[in-house]
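Heads up, the thing below is written out as structure tokens.
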Amino acid sequence: MARAYNRWLSERILEEDNRLVSMVYLPMNEPHEAEKMIDEFAEKKGVVGFLSTGYLKRPVHDSANMRIYAKLEEHGMPLGFHAAYHWADTSLAQLNKFISVHALGFSFCNIIHMTNWVMNGMPERFPKLKTMWIESGLAWVPFLMQRLDNEYMMRTSDAPLLKKKPSDYMREMYYSTQPMELVDNREALEVTFKMINAESQLLYSSDYPHWDMDLPSTIYDLPFLDEKAKRSILGGNAQKLFNLDPVMSEWKLEANAKG
């Protein structure tokens with residue numbers, strides 16, 4: 249099913265419209281199939297990366313996944329971890345309201361993957377592989393930075409592959425905005441932006457048409473961002489991460505020429 253969808257996406261959508269690019273679904277629970285997927289789609293028109301979603305049968309640092317990361321690094325393709333809750337998680341099963349599961353599940357998913365990714369030295373083993381953490385909000389990132397740094401400084405022997413603090417690796421990764429925590433205390437959000445180097449590492453995401461979608465104004469109206477930072481987050485950082493050509497400008501010129 250994953251291969252069929254990816255073929256439909258690349259052949260019927262990306263091939264037909266220069267304005268559209270996409271990350272391709274990567275079936276991480278089947279490592280050998282994931283490797284084949286990279287070989288088949290990495291060079292396809294409009295494919296700019298690969299995406300792992302939600303629940304995984306084995307941790308991200310499992311040895312079965314190493315060839316996947318090596319192939320992504322070889323092709324220069326970023327890997328996105330798209331959060332999603334899973335009802336099989338016994339801790340989430342204790343929650344009795346959707347809002348509770350929604351609030352914790354998406355963040356908890358990426359917290360687990362990020363912790364395993366960093367503490368098992370994946371950034372050192374695959375230094376050219378860029379990672380992006382998607383749809384888990386931002387509030388969890390400063391928490392995890394502080395928590396992992398504190399633990400690491402007390403027990404560095406538990407993470408022998410690390411050459412710097414966990415937060416230093418996390419600041420080099422990419423994050424999507426949605427669903428950004430727009431609470432009354434904007435000072436907390438400002439600190440979060442500083443801690444993750446948002447001007448260069450944060451990418452605007454709308455998640456349209458979901459009920460918790462974010463408009464571009466959620467970024468553009470933030471008073472603590474200057475114009476350069478807003479432009480970077482709303483588009484420039486994506487252009488850098490995915491090595492995008494300014495095709496929209498070319499498309500507009502062509503459209504205007506045709507009247």
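Going by our numbering, the sequence shown opens with residue 249, and the numbers climb by one from there.
All residues carry an ideal CB built from backbone N, CA and C; glycine is no exception.
Bear in mind that the values here come from a model prediction, so they are computed numbers and not experimental data.
Residue environment, residue i, which counts as buried when at least 16 other CB atoms sit within 10 Å
i: Phe472; result: exposed
i: Phe346; result: exposed
i: Leu463; result: exposed
i: Thr404; result: exposed
i: Gly328; result: buried
i: His330; result: buried
i: Asn313; result: buried
i: Trp381; result: buried
i: Asn254; result: buried
i: Trp499; result: Reliability of the predicted coordinates at Trp499 is poor, the pLDDT of 48 falling under 50, and no value is obtained from them.
8 Å Cβ cutoff met for residue i and residue j
i: Val349; j: Tyr333; result: yes
i: Ser355; j: Ser384; result: yes
i: Tyr452; j: Leu482; result: yes
i: Ile467; j: Val389; result: no
i: Ile286; j: Leu320; result: yes
i: Met362; j: Leu392; result: yes
i: Pro279; j: Arg315; result: yes
i: His189; j: Ala282; result: Only positions 249 to 507 of the chain appear in the structure, and residue 189 is not among them; the question remains open.
i: Gln426; j: Met461; result: yes
i: Leu304; j: Asn277; result: yes
Other residues of its chain near residue i: CB distance less than 6 Å, five sequence neighbours each side excluded
i: Val366; result: Pro414 and Tyr417
i: Met421; result: Thr379
i: Ala250; result: Tyr273 and Pro275
Cβ shell of residue i (< 7 Å), same chain only, five flanking positions each side left out
i: Asp397; result: Lys413, Pro414 and Ser415
i: Leu501; result: Bear in mind that the predicted position of Leu501 carries a pLDDT of just 48, short of 50, making it unreliable; the figure below should be weighed with that in mind. Around Leu501: no qualifying Cβ.
i: Asn364; result: Pro307, Val308 and His309
i: Pro224; result: This structure does not reach residue 224, given that the chain is present from 249 up to 507, and the question cannot be answered.
Nearest-angstrom Cβ-Cβ length linking residue i and residue j, presumed shorter than 8 Å
i: Leu377; j: Tyr317; result: 6 Å
i: Tyr423; j: Gln449; result: 6 Å
i: Trp258; j: Val296; result: Checking the displayed sequence, the identity of residue 258 turns out to be Ser instead of Trp. About 11 Å; that fails the 8 Å criterion.
i: Leu268; j: Leu299; result: Wrong, their Cβ atoms sit about 15 Å apart, outside the cutoff.
i: Ala477; j: Glu447; result: 4 Å
i: Ala407; j: Gly369; result: 7 Å
Sequence-distant residues of the same chain with beta carbon closer than 8 Å to residue i, five excluded per side
i: Val439; result: Pro390
i: Arg401; result: Rather than Arg, the amino acid found at residue 401 in this sequence is Met. Cβ neighbours of Met401 beyond the five flanking positions: Lys413.
Exercise. Taking only runs that begin and end inside the segment 371-431, name each unbroken alpha helix (DSSP H) of 4 or more residues, in chain order.
Key: 388-402 and 414-418
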